[in-house]
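Peer 1:
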Amino acid sequence: MRQIIYKSVTTNPRGHAEDDAVAITRQALLRNGLDGITGLLYTQGTDFLQVIEGPDDSIADLLASLLRDPRHRDLRVLVDRETEDREFGDWMMLHRERRETVDAFDRRLHALLLDVSHETASYFRALMPA
Ligand SMILES: Cc1cc2nc3c(=O)[nH]c(=O)nc-3n(C[C@H](O)[C@H](O)[C@H](O)COP(=O)(O)O)c2cc1C
Numbered sequence: 000m001r002q003i004i005y006k007s008v009t010t011n012p013r014g015h016a017e018d019d020a021v022a023i024t025r026q027a028l029l030r031n032g033l034d035g036i037t038g039l040l041y042t043q044g045t046d047f048l049q050v051i052e053g054p055d056d057s058i059a060d061l062l063a064s065l066l067r068d069p070r071h072r073d074l075r076v077l078v079d080r081e082t083e084d085r086e087f088g089d090w091m092m093l094h095r096e097r098r099e100t101v102d103a104f105d106r107r108l109h110a111l112l113l114d115v116s117h118e119t120a121s122y123f124r125a126l127m128p129a
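Residue numbers for the sequence shown follow numbering that gives the first Met the number 0, beginning at 0 and rising by one.
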């Protein structure tokens, strides 16, 4: 199982990464389900922070797609490692629900981060409002 955590910046002219998140998550659910990929997509201002976990081949293919996706730029891989288990559970791509407030999602995320490694949590905490 391979885990990648990366940060990137939206190319959306309005500068809100969140604006593309619904379309991206919808697209992700289709492919991730087929490829055994799970994870979490977090947006904060102009930034995306995403965790993708799954079989090595699937992750390599998705990373190649992500690198040529014009909806974001400056993709920087923060973590790239082999893991025994999925650290983020089996969400096909967890993201804030349309009707969920930003605060409610952040609370959900804070709870999730209690179960992940200190290093992984630190990338999220660095972006999340206190
Ligand atoms: C921030 C961001 C996160 C994305 N996350 C996923 C994802 O988890 N799964 C996925 O299939 N596509 C995701 N995509 C879309 C892919 O980059 C790509 O457009 C899509 O998988 C289709 O791949 P293809 O262009 O190689 O056919 C994401 C795109 C962006 C900009």
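Note that beta-carbon positions come from the ideal geometry of N, C-alpha and C, so glycine has one too.
1) Could you check whether methionine 127 and glycine 32 sit closer than 8 Å to each other, using their CB atoms as the reference points?
2) Let me confirm a value: threonine 82 is counted as buried when at least 16 other C-beta atoms fall within 10 Å, else exposed. Which label applies?
3) Could you say which of Phe87, Gly35, Thr10 lies nearest to aspartate 55 if we only look at CA atoms?
4) Would you mind listing the alpha helix (DSSP H) stretches within the segment 51 to 113 that are 4+ residues and don't spill past its ends, in chain order?
5) So arginine 97 packs on valine 21, CB below 8 Å; how close in whole Å?
6) Evaluate serine 121 with the Cβ neighbour count: other Cβ atoms within 10 Å of its Cβ, from every protein chain shown; 16 or more gives buried, anything less gives exposed.
7) Cβ of aspartate 114 versus every heavy atom of ligand 1: is any distance shorter than 7 Å?
Peer 2: Taking the coordinates as given:
1) No. Outside cutoff.
2) Using a 10 angstroms sphere on the CB of threonine 82, the tally of other CB atoms stays under 16, which defines it as exposed.
3) Nearest of Phe87, Gly35, Thr10 to aspartate 55, Cα basis: Gly35.
4) Taking only runs of at least 4 residues, the alpha helix (DSSP H) segments lying wholly in the segment 51 to 113 are 55 to 66, 101 to 112.
5) Right, their Cβ atoms sit about 7 Å apart.
6) Serine 121 sits exposed, since fewer than 16 C-beta atoms from the chains shown fall within 10 Å of its C-beta.
7) Flag unset: Cβ of aspartate 114 not near ligand 1.
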